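A.B. asks: So the protein sequences, as listed, match chains A and B.
The first sequence runs 3 to 270 under the numbering used here.
The second sequence runs 24 to 323 under the numbering used here.
No residue lacks a Cβ here, since even glycine has one placed at the ideal position from N, Cα and C.
Note that the structure is predicted; figures quoted are calculated from it, not measured.
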Amino acid sequence: MKPALCLVVQARELCTGIFSLWLEASETAHRVKPGQFLNVKVSNGPDPLLRRPISVCDVERSRVRLVFRVVGRGTAMLARVRTGDELDVLGPLGRPAPELHHKDIMLCGGGIGTAPLLFLARRLRRANRMQVLLGARTKAELLLVREFRALGLPVRLATDDGSAGYRGVVTELVEQQVRSQGPEATSQGRGRRSAVGGKPSAVFACGPRPMLADLVKRLDPIPVWGFVEERMGCGTGICYCCALPKKGGGHVRFCEEGPVVKLNEVVL
Amino acid sequence: MNPQVTIGKTTFANPVLAASGTFEFGLKFKSVANRLGGVVTKAITLQPRVGNPPPRIYEFPGGMLNSVGLENPGFEVFCREVVPHTRKLKCRVVVNIAGATVDEYGELAARLDSEPVDALEVNVSCPNVKEGGALFGQQPSVVEAITTLARRRTTKTVIVKLTANFVDPVETAKAAEAAGADAVTTINTLFGLALDGNGRPFLGGRNGGVSGPALKPFALFCVDRVAAAVKIPVIGCGGIMSTADAVDFLSAGARMVQVGTANLVNPEAALDVWNGLKAHAEQNDLGNWDAVVGRTRRRS
Chain A
3 MKPALCLVVQ ARELCTGIFS LWLEASETAH RVKPGQFLNV KVSNGPDPLL RRPISVCDVE
63 RSRVRLVFRV VGRGTAMLAR VRTGDELDVL GPLGRPAPEL HHKDIMLCGG GIGTAPLLFL
123 ARRLRRANRM QVLLGARTKA ELLLVREFRA LGLPVRLATD DGSAGYRGVV TELVEQQVRS
183 QGPEATSQGR GRRSAVGGKP SAVFACGPRP MLADLVKRLD PIPVWGFVEE RMGCGTGICY
243 CCALPKKGGG HVRFCEEGPV VKLNEVVL
Chain B
24 MNPQVTIGKT TFANPVLAAS GTFEFGLKFK SVANRLGGVV TKAITLQPRV GNPPPRIYEF
84 PGGMLNSVGL ENPGFEVFCR EVVPHTRKLK CRVVVNIAGA TVDEYGELAA RLDSEPVDAL
144 EVNVSCPNVK EGGALFGQQP SVVEAITTLA RRRTTKTVIV KLTANFVDPV ETAKAAEAAG
204 ADAVTTINTL FGLALDGNGR PFLGGRNGGV SGPALKPFAL FCVDRVAAAV KIPVIGCGGI
264 MSTADAVDFL SAGARMVQVG TANLVNPEAA LDVWNGLKAH AEQNDLGNWD AVVGRTRRRS
């Protein structure tokens, strides 16, 4: 697998500290599946040395979209990329999220964790019933709401300060939603994209670790698939640096066995 | 141009190896591995090891620290599930072995003797384990004892991977040579500590091993000294990111080079180094590597 140089066809800041890059990357766009990531070189030289793993947010024809938050020096350098620049990317990497059919799926995104769920929603919506719950600190930081709505999916919002949607954390909203919906719905007799989904048979979540841990606790025993964000070395499974402890011992190498993992089975 | 290099009983198609711990078992990128001189596997221990708790990696300008802690499936699973695949690689397969005790090295060497692998790299230099590892490699007498045991119990090529942590690798290289090693790899990662900004260790295993470009000047210094002090071949390792780096290590006296951390940035890095070396040889009309290897001492 060779790193590829991809043209940045659009670079813009979505809100303070959160950036969107559309890359012309036809091979990647063709191959990538939801849950996978690209490992991006943010400088030409050896500083920073390692690539930065960023989940694919969306795909449109030959283009791939990355949405990321500036969290350190590497992502700050990536934020300086402009339309017309070239970016050195390796991928797609990681194990794709499970492909589900005829399920009631709930997507729960917190902050920048909203990004990889969009691509997942785009691919899963045809064969499943879905609802989307997105959270952020403030209305201004809610991401990609328009894009999710454009998919025709019901979207509910939560903000810490109440500036949009439910006032509180998104995991609280998820729990309320699940409890209000009673027993698990069967696939018969319901609209494909009904505004009120059934009790979810699968939940996909992405967000900060404490949010993911909170969600698992609130929804137990409903299985929660989580997009885990962590430092990686290679991103390709050869260095064993990205270990996530498994309940019952051992580690998940989540660049290879993830980054989408069953959160109920790991120690967050 | 004959690019081959022979070490002990093993002839490598070219002088570039993927370093232990940075290319798993060579199976994820077979098309790369097949074109290298060889792949050095992740370290194998007698018993499986879960490795150190995360975080296991820390980056700094010019390099990184790792604290994987020799996570590996153990000797038996390795032989049963990995070796049937590595034997199909077109390159040489060097198995890196690590013992928690001196005797374990002997046992690993003996048990690997009948396996379809080409050579052993005796790891007396891992910085990330509590027992053995770099502690063994800091004592020439222990290096000699371990090498003697390994040598006695295998007919395969034996390479000893040295540490330069608080020890002059010249002393341990001489000890390995005296005990019958076919070559020494110089050097493994250096001890390092990263803090989290609040005074606590950043890495889950507390300490780590420094690798990457920042290591190169010191690794080159060690290769230069060791190559002048022993007759057995030296395999240069430490911060090789490019063909130019590899040429430097050959010049300093290395017969072969190992590409490590660069594989994390680009899984084709070692292959790029080899392709560059090949081009270098063609441009300079080299019949073999003799004109390059050790030329630093001849020119200074």
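Do Ala285 (chain B) and Ile258 (chain B) come within 9 Å of each other at the CB atom, strictly closer than that value?
C.D. replies: Walking along the second sequence from the start, residue 258 (chain B) turns up at place 235. Walking along the second sequence from the start, residue 285 (chain B) turns up at place 262. Contact flag unset, no.
A.B. asks: Considering only the beta carbon of each residue, do Val63 (chain B) and Ala36 (chain B) sit closer than 9 Å?
C.D. replies: Taking the second sequence and counting its residues from 1, the one referred to as residue 63 (chain B) is at position 40. Taking the second sequence and counting its residues from 1, the one referred to as residue 36 (chain B) is at position 13. Their beta carbons are not under 9 Å apart, which means Val63 (chain B) does not touch Ala36 (chain B) by this criterion.
A.B. asks: Taking Cβ positions, are Asp87 (chain A) and Val42 (chain A) nearer each other than 9 Å?
C.D. replies: Working through the first sequence from its first residue, we reach residue 87 (chain A) at position 85. Working through the first sequence from its first residue, we reach residue 42 (chain A) at position 40. No, they are not a contact pair.
A.B. asks: Can you give me the C-alpha to C-alpha distance between Arg110 (chain B) and Val280 (chain B), rounded to a whole angstrom?
C.D. replies: On the second sequence, position 87 is the one that residue 110 (chain B) refers to. On the second sequence, position 257 is the one that residue 280 (chain B) refers to. For Arg110 (chain B) and Val280 (chain B), the distance between alpha carbons rounds to 22 Å.
A.B. asks: Shortest alpha-carbon distance to Pro76 (chain B) belongs to which of B:Leu243, B:Glu82, B:Leu69, B:Leu93?
C.D. replies: Locating residue 76 (chain B) in the second sequence gives position 53, where the first residue counts as 1. Residue B:Leu93 is the option with its Cα nearest to Pro76 (chain B).
A.B. asks: Exposed or buried, Arg194 (chain A), counting other C-beta atoms within 10 Å across all chains shown (16 or more means buried)?
C.D. replies: Translated into positions along the first sequence, residue 194 (chain A) becomes position 192. At Arg194 (chain A) the pLDDT is 44, less than 50, meaning the model places this residue with poor confidence; the figure from the coordinates comes in the next sentence. Per the 10 Å Cβ criterion, exposed.
A.B. asks: Where Leu88 (chain B) and Gly154 (chain A) are concerned, what is the direct C-alpha to C-alpha distance, given to the nearest angstrom?
C.D. replies: Reading the second sequence from its first residue, position 65 is the one you call residue 88 (chain B). Reading the first sequence from its first residue, position 152 is the one you call residue 154 (chain A). Leu88 (chain B) and Gly154 (chain A): Cα-Cα distance of roughly 47 Å.
A.B. asks: Between Arg229 (chain B) and chain A, is there a C-beta pair that is closer than 9 Å?
C.D. replies: Stepping through the second sequence from its first residue, residue 229 (chain B) is reached at position 206. So, not an interface residue.
A.B. asks: Ala252 (chain B) lies in the alpha helix (DSSP H); which residues open and close that run?
C.D. replies: Taking the first residue of the second sequence as 1, we reach residue 252 (chain B) at position 229. Ala252 (chain B) -> alpha helix (DSSP H) spans 239-252.
A.B. asks: Could you give the distance in angstroms between the alpha-carbon of Lys53 (chain B) and the alpha-carbon of Gly237 (chain A)?
C.D. replies: Counting from 1 along the second sequence, the entry for residue 53 (chain B) is found at position 30. Counting from 1 along the first sequence, the entry for residue 237 (chain A) is found at position 235. If you take the alpha carbons of Lys53 (chain B) and Gly237 (chain A), they lie about 17 Å apart.
A.B. asks: Just to confirm, does Ile114 (chain A) get its C-beta within under 8 Å of one of the non-hydrogen atoms of the ligand NAP?
C.D. replies: With respect to the ligand NAP, the structure shown offers nothing to examine, as it has no ligands at all.
A.B. asks: Between the stretch 66-86 of chain A and the stretch 161-181 of chain A, do three or more beta carbon pairs fall short of 8 Å?
C.D. replies: The stretch 66-86 of chain A vs the stretch 161-181 of chain A: no contact.
A.B. asks: Compare the C-beta of Val288 (chain B) against all C-beta atoms of chain A and say whether one is closer than 9 Å.
C.D. replies: Reading the second sequence from its first residue, position 265 is the one you call residue 288 (chain B). At least one chain A Cβ lies under 9 Å of Val288 (chain B).
A.B. asks: Checking the sheet assignment: what are the DSSP bridge partners for His253 (chain A)?
C.D. replies: For the purposes of this step, residue 253 (chain A) is taken as residue 251 along the first sequence, with counting starting at 1. Bridge partners of His253 (chain A): A:Pro247.
A.B. asks: Would you list the one or two residues that DSSP bridges to Asp60 (chain A)?
C.D. replies: Here residue 60 (chain A) refers to the residue found at position 58 of the first sequence. According to DSSP, Asp60 (chain A) bridges with A:Arg67.
A.B. asks: Using beta carbons (cut-off 9 Å, strictly below), is Glu99 (chain B) in contact with chain A?
C.D. replies: Within the second sequence, residue 99 (chain B) is the residue found at index 76, counting from 1. Cβ-Cβ to chain A under 9 Å: no for Glu99 (chain B).
A.B. asks: Is the beta carbon of Val253 (chain B) closer than 9 Å to that of Ala277 (chain B)?
C.D. replies: Against the second sequence, residue 277 (chain B) aligns to sequence position 254. Against the second sequence, residue 253 (chain B) aligns to sequence position 230. The answer is no: Cβ separation not under 9 Å.
A.B. asks: Would you say Ile56 (chain A) lies against chain B (beta-carbon separation less than 9 Å)?
C.D. replies: Position 54 of the first sequence, counted from the start, is the residue given in the question as residue 56 (chain A). Output row for Ile56 (chain A): interface = no.
A.B. asks: Under DSSP, the alpha helix (DSSP H) around Ala269 (chain B) begins and ends at which residues?
C.D. replies: Along the second sequence, one-based indexing puts residue 269 (chain B) at 246. Element bounds for Ala269 (chain B): 266-274.
A.B. asks: Arg115 (chain B) and Gly156 (chain B) look like a contact to me (Cβ under 8 Å); what is the Cβ gap, rounded to whole Å?
C.D. replies: Residue 115 (chain B) sits at position 92 when you count from the first residue of the second sequence. Residue 156 (chain B) sits at position 133 when you count from the first residue of the second sequence. 25 Å between Cβ atoms; not a contact.
A.B. asks: Among A:Cys243, A:Asp222, A:Val263, which residue has its Cα nearest to the Cα of Val73 (chain B)?
C.D. replies: Walking along the second sequence from the start, residue 73 (chain B) turns up at place 50. Comparing Cα-Cα distances from Val73 (chain B) to each of A:Cys243, A:Asp222, A:Val263, the minimum goes to A:Cys243.
A.B. asks: Beta carbons nearer than 8 Å to chain B: which residues of the stretch 41-52 of chain A have them?
C.D. replies: Those would be Lys43, Pro48, Asp49, Pro50, Leu51, Leu52, in chain order.
A.B. asks: If we ignore side chains and look at the alpha-carbon of each, how far apart do Ala78 (chain A) and Lys197 (chain B) end up?
C.D. replies: Your numbering for residue 78 (chain A) matches position 76 in the first sequence. Your numbering for residue 197 (chain B) matches position 174 in the second sequence. Distance between the alpha carbons of Ala78 (chain A) and Lys197 (chain B) is about 48 Å.
A.B. asks: Going by C-alpha distance, which of B:Leu243, B:Thr33, B:Val100, B:Leu273 is nearest Thr212 (chain B)?
C.D. replies: Residue numbering aside, residue 212 (chain B) sits at position 189 when the second sequence is read from its first letter. Of the listed residues, the one whose Cα sits closest to Thr212 (chain B) is B:Leu243.
A.B. asks: Measure the Cβ-Cβ separation of Ala117 (chain A) and Arg65 (chain A) and say whether it is below 9 Å.
C.D. replies: Looking up residue 117 (chain A) in the first sequence gives position 115. Looking up residue 65 (chain A) in the first sequence gives position 63. In this structure, Arg65 (chain A) does not lie closer than 9 Å to Ala117 (chain A) by Cβ.
A.B. asks: Could you check whether the stretch 162-172 of chain B touches the stretch 202-209 of chain B, counting it as contact only if at least three pairs of C-beta atoms, one from each stretch, sit closer than 8 Å?
C.D. replies: Yes, they touch.
A.B. asks: Given that a residue counts as buried once 16 or more other Cβ atoms are within 10 Å of its Cβ, and exposed if not, what is Ala293 (chain B)?
C.D. replies: Locating residue 293 (chain B) in the second sequence gives position 270, counting from the first residue. Ala293 (chain B) comes out buried.
A.B. asks: Let's test the definition: count the other Cβ atoms within 10 Å of the Cβ of Val316 (chain B) and tell me whether it reaches 16, buried, or not, exposed.
C.D. replies: The residue given as residue 316 (chain B) occupies position 293 in the second sequence. Buried.
A.B. asks: Find the nearest neighbour of Ala204 (chain A) within the set A:Gln38, A:Lys264, A:Arg148, A:Leu23, judged by alpha-carbon distance.
C.D. replies: The sequence position of residue 204 (chain A) within the first sequence is 202, counting from 1. Here the closest residue by C-alpha is A:Lys264.
A.B. asks: Which residues, in chain order, does the stretch 66-90 of chain A contribute to contact with chain B at a C-beta distance below 7 Å?
C.D. replies: The residues in question: there are none.
A.B. asks: Could you tell me the distance, in whole angstroms, from the CA atom of Val198 (chain A) to the CA atom of Val218 (chain A)?
C.D. replies: As a working note, residue 198 (chain A) is residue 196 in the first sequence. As a working note, residue 218 (chain A) is residue 216 in the first sequence. In this prediction, Val198 (chain A) scores a pLDDT of 49, lower than 50, which makes its location untrustworthy; the coordinate-derived value is nonetheless stated afterwards. When rounded, the distance between both Cα atoms is 22 Å.
A.B. asks: Determine whether the Cβ of Pro5 (chain A) lies closer than 9 Å to any Cβ atom of chain B.
C.D. replies: Position 3 of the first sequence, counted from the start, is the residue given in the question as residue 5 (chain A). With 9 Å as the cut-off, Pro5 (chain A) counts as an interface residue toward chain B.
A.B. asks: Are there 16 or more other CB atoms within 10 angstroms of the CB of Lys113 (chain B), so buried, or fewer, so exposed?
C.D. replies: As a working note, residue 113 (chain B) is residue 90 in the second sequence. The residue in question, Lys113 (chain B), is exposed, as its Cβ has fewer than 16 Cβ neighbours within 10 Å.
A.B. asks: Are the CB atoms of Ala123 (chain A) and Leu102 (chain A) within a distance shorter than 9 Å?
C.D. replies: One-based indexing of the first sequence puts residue 102 (chain A) at position 100. One-based indexing of the first sequence puts residue 123 (chain A) at position 121. Cβ distance not < 9 Å, so Leu102 (chain A) and Ala123 (chain A) don't count as in contact.
A.B. asks: Cα separation between Glu99 (chain B) and Val176 (chain A)?
C.D. replies: Numbered from 1 along the second sequence, position 76 holds the residue referred to as residue 99 (chain B). Numbered from 1 along the first sequence, position 174 holds the residue referred to as residue 176 (chain A). C-alpha separation (whole angstroms): 46 Å.
A.B. asks: Which residue from B:Thr33, B:Gly49, B:Ala250, B:Gly228 puts its Cα closest to that of Val152 (chain B)?
C.D. replies: For the purposes of this step, residue 152 (chain B) is taken as residue 129 along the second sequence, with counting starting at 1. Minimum Cα distance to Val152 (chain B) is reached at B:Gly228.
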